[in-house]
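Undergrad:
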Amino acid sequence: MRKLPGGADLIRLRKVAPDLDGRPNPLALLDGAAVCPVNGNLVTTGDDYDAWRHTLERTVRKELERSWRVFTRDPAASFTIAADSDEALRILATTEAQQSSRMQSLGVNFILNDENCAAFYRSLVRNGVASGYAIVSALTVGEEVAATLLGVRNGSRYVMIRISNAGDKWSNCSPGRLIIERTMAALHKQGVREFDFSIGNYAYKRRFGVKRLPLLDISAALSWRGLPRALRDRAAQELRRYPKLATYLKRALGKPPSREES
């Protein structure tokens, strides 16, 4: 990177996996690598999906079964995985609207629908569905979309990226959890065995029995101009060793608390 036209002063990577396809990630060996404050969440089902389902708490299994029964009382109710980019883009438009509505109700600054972010996800879907890399699934009742899920697949691993639901109208069938389970079941039949729920230690993920995966942050100065930022990153990494102090400083700086569920 130092040899690039114009050069580079700093390299900064966030949420880096320490392993890739079962092999050590060479980036994890860099001197500037440190433990990330967030972690990944992974479910490994094995070859027998029903056997995995029975590892879940009984109340979770029964709730998923009940949710599907309630949802499918309407004869027009169905689960679908988009077969082409046009269908996938229509579902993604619903994802954008549902997520925006949810974040506004929470008073959260929502950036995923900003011009650059929205263009990225639309490009991902437009160019990735045909190859099977981008997976867009939905729970629908006729023309109405109750829940959506966007993820990417690489071999036997699937990573969830964006999830949404239509809110109170469908709350009696837990559409968020239901779209996850239906998608997992469908992709398992296609050979997927690892389901990455991404970052965020929310209660709904724990109900699926996720295992936490450590992630890394990497920050390295490539010139003297990048040194101050690299030192700042290192100081922040050291501060994480003192959670109470870190929490106090966040409050003092007016940063909002995490929305993760306890």
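Residues in the sequence shown are numbered from 15 upward in steps of one, following our numbering.
Glycine included, C-beta positions come from ideal geometry on N, C-alpha and C.
1. Is it buried or exposed for residue 45, if we count other Cβ within 10 angstroms and need 16 for buried?
2. Would you list the one or two residues that DSSP bridges to residue 225?
3. Give a yes or no on whether the C-beta atoms belonging to residue 152 and residue 96 are separated by under 9 angstroms.
4. Terminal residues of the continuous alpha helix (DSSP H) containing residue 193?
5. Among 36, 105, 58 and 41, which residue has its Cα nearest to the Cα of residue 172?
6. How big is the Cα-Cα spacing for residue 23 and residue 47?
7. Once you ignore the five residues that flank residue 168 on each side, which residues in its own chain have a CB closer than 8 angstroms to its CB?
8. Starting from residue 37, follow its DSSP beta bridges and name the residues at the other end.
9. Can you list the alpha helix (DSSP H) stretches of 4 or more residues lying completely in the region 68-104, in chain order?
10. By the three-class DSSP mapping on this structure, what secondary structure does residue 207 have?
11. Can you give me the C-alpha to C-alpha distance between residue 136 and residue 118, rounded to a whole angstrom?
12. Taking the beta carbon of residue 204 as the centre, do at least 16 other beta carbons fall within 10 Å, making it buried, or is it exposed?
13. Alpha carbons only, please: which of 182, 176, 207 and 206 is nearest the one belonging to residue 193?
TA: Per the coordinate set shown:
1. It is exposed - the Cβ of residue 45 has fewer than 16 other Cβ atoms within 10 Å.
2. DSSP lists 56 as the beta-bridge partner residues of residue 225.
3. Yes, these two residues count as a Cβ contact at 9 angstroms.
4. From DSSP, the alpha helix (DSSP H) with residue 193 extends over 189-203.
5. Distances from the CA of residue 172 to each of 36, 105, 58 and 41 were compared; the closest alpha carbon is that of 58.
6. Each residue's Cα considered, the two are about 17 angstroms apart.
7. Excluding five sequence positions before and after residue 168, the CB atoms of its chain that fall closer than 8 angstroms to its own CB belong to 147, given in chain order.
8. For residue 37, which the question treats as bridged, DSSP gives the partners 34.
9. Segments of the alpha helix (DSSP H) lying fully in the region 68-104: 72-85.
10. Correct three-state label for residue 207: coil.
11. If you draw a straight line from the Cα of residue 136 to the Cα of residue 118, it comes to about 22 angstroms.
12. That one is exposed.
13. When each option's Cα is compared against that of residue 193, the closest is 176.
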